[in-house]
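All letters in the sequence shown, in the order written, are residues 978 to 1282 by the working numbering. Structure, as structure tokens:
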Amino acid sequence: MLNLNFDITDEIQYALNNNVPVVALESTLISHGLPFPKNIEVAKESIEAIRSNNSVPATIGIINGRIKIGLSKDDMNILAENTNIDKVSIHNLAISLSNKTNGATTVASTIYLASKVGIKFFSTGGIGGVHIDSENTFDVSSDLNQLSKTTMYVICSGAKSILDINKTYEKLETLGISRIGFNTDYMPGFWYYQTDKKVDYNYKSTDELTKFLIIREIIKQKSSVLIFNPVPKEKSIEKNLMDNWLKQSIKTANEKSINGKELTPYLIKEINKLSNNKTLEANIALIVNNALLASKLANKYFKLI
Ligand code: PSU
Ligand code: MN
978 MLNLNFDITD EIQYALNNNV PVVALESTLI SHGLPFPKNI EVAKESIEAI RSNNSVPATI
1038 GIINGRIKIG LSKDDMNILA ENTNIDKVSI HNLAISLSNK TNGATTVAST IYLASKVGIK
1098 FFSTGGIGGV HIDSENTFDV SSDLNQLSKT TMYVICSGAK SILDINKTYE KLETLGISRI
1158 GFNTDYMPGF WYYQTDKKVD YNYKSTDELT KFLIIREIIK QKSSVLIFNP VPKEKSIEKN
1218 LMDNWLKQSI KTANEKSING KELTPYLIKE INKLSNNKTL EANIALIVNN ALLASKLANK
1278 YFKLI
């Protein structure tokens, strides 16, 4: 029954059957996170980074209502070039399939779909989380809920800087999602190198880190693990600059009554403008860097199991 909706490329299916490392990638980054044509360049660079470590990339998205595990070049162009692509999370996943839309999958829906086909590693930029002013709006990304339900090893640079980092950090602990550093003592701040939030543990080698992942499997823990990899230092943005841009863009979002799932893409675009694309450059650098680390970890993992 499942196969009726899933299109898995032969290469990915072969890798899954033969313990070849596979790294999943989301597509919301392509359609809603980065501007065209940078989005397609970054998608390709991430794919190359994963291949350079003998791993198989699996970019996930929805084309004409079909779940694609592995997007073709044409599929990727559809998601990168059009402005009417659905942002598909968990609540609207089956709606997109039933209406045969083209949809970009968020962290939540990507890890859900990836885990259904047996993928263990996923790489992205920053996860969604608890929004500023959530006491009033109740806006909390379903990424957090899904991370608590799905077993996935998620390599990222923290939560997006537009969020309430304190609340997001606490919520992760509540949900049983380990906040692991890879060579960092503090949770990274997405566009900036580090926040003041301590990681649960800083693993300093891929060997140590993958052994920890395997121990979790032995004791049957089912939630996801966040593996934090900070933005390369030379691209990191100063926190006070970022806070100013954030304040300004929240103000214009309020004036224009932008909220819900439109809020994240709007704020990211606005801040890219205000920063003269410095945040865009940081975003690109960290995405590719995370893909590289994900494939290294996936390689080590499949050597150890
Ligand atoms: N990080 C980015 N750009 C993005 C996102 C994350 O740098 O576009 C996307 C991810 O797909 C994430 C989603 O899952 O935003 C969260 O959206 P929301 O807050 O509406 O759940
Ligand atoms: Mn939201």
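Just so it is clear, CB atoms sit at the ideal spot from N, CA and C, and this is done for glycine as well.
Asked                                                                                                                      : Found
Length of the line joining the Cα atoms of Met978 and Tyr1243                                                              : For Met978, the predicted structure reports a pLDDT of 48, less than 50, and the residue's modelled location is therefore unreliable. A value from the coordinates is still provided. Rounded to whole angstroms, Met978 to Tyr1243 spans 38 angstroms at the Cα level.
Supposed close pair Gln1123, Tyr1178 - CB separation, criterion 8 angstroms                                                : The pair is not a contact, with the Cβ atoms about 23 angstroms apart (cut-off 8 angstroms).
Lys1238 Cβ short of 7 angstroms to ligand 2 heavy atom set                                                                 : yes
Same chain only: Cβ atoms within 6 angstroms of Gly1047, ignoring 5 sequence neighbours per side                           : Thr986, Ile989 and Ala1035
Asp1052 CB to nearest heavy atom of ligand 2 below 7 angstroms                                                             : no
CB-CB length for Lys1050 against Ile1037, believed under 8 angstroms                                                       : Wrong, their Cβ atoms sit about 15 angstroms apart, outside the cutoff.
Own chain residues within Cβ distance below 7 angstroms of Pro1207, not counting five before or after                      : Ser1134, Thr1161, Pro1165, Tyr1170 and Gln1171
Spatial neighbours of Ser1073 in its chain, beta-carbon cut-off 6 angstroms, leaving aside the 5 residues before and after : Ile1039, Asp1063, Val1065 and Gly1080
Span of the alpha helix (DSSP H) around Phe1099                                                                            : Not the alpha helix (DSSP H): Phe1099 falls in the beta strand (DSSP E), residues Phe1098 to Ser1100.
Cα-Cα separation between Ser1092 and Asn1266, rounded to whole angstroms                                                   : 23 angstroms
For Ser1155, the first and last residue of its enclosing beta strand (DSSP E)                                              : Ser1155 to Phe1159
Distance CB(Trp1168)-CB(Thr1256) smaller than 8 angstroms                                                                  : yes
Assigned exposure category for Lys1077 - 16 Cβ within 10 Å defines buried                                                  : exposed
Cα-Cα separation, Val1094 to Asn994                                                                                        : 10 angstroms
Ala1071, buried or exposed, once every other Cβ within 10 Å from all chains shown has been counted against 16              : exposed
Complete runs of the alpha helix (DSSP H) confined to the region 1224–1276 [at least 4 residues]                           : 1240–1251
Option nearest Ala1085 by Cα separation, candidates Thr1127, Leu1269 and Thr1151                                           : Thr1127
For Asn1179: DSSP bridge partner residues                                                                                  : Gly1158
Distance, Glu1003 Cα to Ala942 Cα                                                                                          : Absent from the model: residue 942. The displayed extent of the chain is 978 to 1282, so no value can be given.
Distance between Phe1013 and Ile1261 (C-alpha atoms, nearest Å)                                                            : 13 angstroms
Per-residue DSSP class, three states only, for Met978                                                                      : Legend: pLDDT at Met978 = 48, less than 50; position of this residue unreliable, no value from coordinates given.
Three-state class that DSSP yields for Thr1082 in the structure shown                                                      : strand
Cβ-based neighbour list, Ile1154, same chain, cut-off 8 angstroms, excluding 5 preceding and 5 following                   : Leu1121, Leu1124, Ser1125, Ser1200, Ser1201, Val1202 and Leu1203
Which of helix, strand or coil DSSP assigns to Ile983                                                                      : First, the residue type needs correcting, since residue 983 is Phe and not Ile in the sequence shown. Strand.
Val1019 - partner residues in DSSP beta bridges                                                                            : In the DSSP output, where bridge partners are listed per residue, Val1019 has none listed.
Gly1010 (DSSP reduced to helix, strand or coil)                                                                            : helix
Asn1276, buried or exposed, once every other Cβ within 10 Å from all chains shown has been counted against 16              : buried
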